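Structure first, then comments.
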Amino acid sequence: MDLDFKVLSSQHVLSLIKKLAPSEGYTQSIIENVTFMRSDHALKRMPTLYEPSIVIVLQGRKRGFYNEEQYVYDANNYLVVSVPLPFDVETEATVNHPMLGIVLRIDLVELAELILILSKEYQPQKSIPKALYASRMDDNFTNAVFRLIEILNSPVDAKILGSSIYKEILYRVLSSEQGNGLRELLFQNNSFGKIAKTLQHIHTHYDQKIDVHTLAKQVNLSISAFHTHFKTVTSTSPMQYIKTIRLHKARLMMIRENFNVEDTARCVGYESVSQFSREFKRLFGSSPIEEVKNLKTILSLST
1 MDLDFKVLSS QHVLSLIKKL APSEGYTQSI IENVTFMRSD HALKRMPTLY
51 EPSIVIVLQG RKRGFYNEEQ YVYDANNYLV VSVPLPFDVE TEATVNHPML
101 GIVLRIDLVE LAELILILSK EYQPQKSIPK ALYASRMDDN FTNAVFRLIE
151 ILNSPVDAKI LGSSIYKEIL YRVLSSEQGN GLRELLFQNN SFGKIAKTLQ
201 HIHTHYDQKI DVHTLAKQVN LSISAFHTHF KTVTSTSPMQ YIKTIRLHKA
251 RLMMIRENFN VEDTARCVGY ESVSQFSREF KRLFGSSPIE EVKNLKTILS
301 LST
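Residue 295 in UniProt numbering sits at position 295 of the sequence shown, and the numbers go up by one each step.
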């Protein structure tokens, strides 16, 4: 892509995304799996929970911290989170240069269709794929992202073209050098696929009683093998992961639904409110009430 044209296209896209994300926080687009994000101020490093998604920052910079590694995603690199994963994130942004980005939630049905089409070309990887990685934005990927943002400014265009461009971006990620993390998601006869299935189960059943023996049995692994593979993918133990997911879900409930501490603790599976408050403060560095107040000051969550 010609450099001058790319710069002009980028400036045009930034002007469009500012309209689509007029306020700080997350703004749902008219396409189900696509959300805009904006921050007009720098955000310090804080625990964050991402669903399986492709995170694209078009202006500003975000930095993820996971397993003693840093992952930078900005105008040159996008982030792929192939399983539900909690990790720390910080954001670089100013009022004059806000962080502007787009999050594409990974639709497993769309992913399965693409993998089926590509199955003849694909050989399972011997190495364990990464649950989290940053990858360079090439011209084909950038072009598809720009077109997606362009059509999202028109409800009619978005309705007719949105799903196909979303699928194109998913294909670009899937066929990239590091795309085996997504490919292995649906191959549940391997260790990564089995743990990915477990993580999805935890992500949707966090409010119920969950024990490691049942989780291991669901994916036909012994307890010791389950623990080993789980830690390889998530860098933590099953019970610690479950606890972290519950606390992240709790924080979202209190911010978005205005739940009080007692109701929130019960909704995410805690029997003791005091235990919930202690573990919440240990993870986020402040009490539930303080954390919600701080985040509501920083971010205005829009729909």
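Idealized CB from N, CA, C, for every residue including glycine. Source: prediction; values computed, not measured.
For THR27, I'd like the list of residues in its chain whose CB is within less than 8 Å of its CB, leaving aside the five on either flank, ordered along the chain. The beta carbon of THR27 sits closer than 8 Å to the beta carbons of LEU20, ALA21, THR35, PHE36, MET37, ARG38, SER302, THR303 from its chain, once the five residues preceding and following it are set aside; these are given in chain order.
Exposure label - SER191; buried when at least 16 CB within 10 Å: Under this definition SER191 is a buried residue.
Ignore the nearest five residues each way along the sequence and tell me which others in VAL72's own chain have a CB closer than 7 Å to its CB. Beyond the five residues adjoining it in sequence on each side, VAL72 comes within less than 7 Å, by CB distance, of ARG61, ARG63, ALA134 in the same chain, given in chain order.
Determine the DSSP secondary structure at ALA134, reduced to helix, strand or coil. strand
Nearest residue (CA-CA) to THR232, options VAL156, ALA75, ALA196, HIS201: ALA196
Between the C-alpha atoms of ALA265 and SER272, what's the straight-line distance to the nearest angstrom? 8 Å
Select from PRO86, LEU58, LEU114, ASP40 the residue whose C-alpha is nearest the C-alpha of residue 307. Lying before the first or after the last residue shown, residue 307 is absent from the chain, which here runs from 1 to 303.
Should the stretch 174-182 be called in touch with the stretch 206-225, which here means at least 3 C-beta pairs below 8 Å? Because the criterion of three Cβ pairs below 8 Å is not met, the stretch 174-182 and the stretch 206-225 do not touch.
Using a Cβ-Cβ cut-off of 7 Å (strictly less than) and excluding sequence neighbours within five positions of ASP107, which residues of its own chain qualify? ASN33
Check each candidate in LYS296, ARG147, CYS267 and name the one with the smallest Cα separation from ILE255. LYS296
Going by DSSP in three states, LYS209 sits in which element: helix, strand or coil? Here DSSP, grouped into helix, strand and coil, assigns LYS209 to coil.
Just reading off the beta strand (DSSP E) that PHE146 is part of, what are its end residues? It is not in any beta strand (DSSP E) - PHE146 instead sits in the alpha helix (DSSP H) that spans 139-151.
SER39 (DSSP reduced to helix, strand or coil): strand
Report, in whole angstroms, the separation of the C-beta atoms of ASP88 and MET46, which I expect to be a contact under 8 Å. Contact flag correct, Cβ pair sits at about 7 Å.
If we call anything under 8 Å between Cβ atoms a contact, is SER9 one with PHE146? yes
Comparing alpha-carbon positions, which option in ILE149, ASN153, VAL156 lies nearest TYR166? ILE149
Beta-ladder partner(s) of TYR78, from DSSP: SER135
Given VAL83 as reference, the closest of ILE210, VAL156, PHE230, ASN143 once Cα atoms are compared: PHE230
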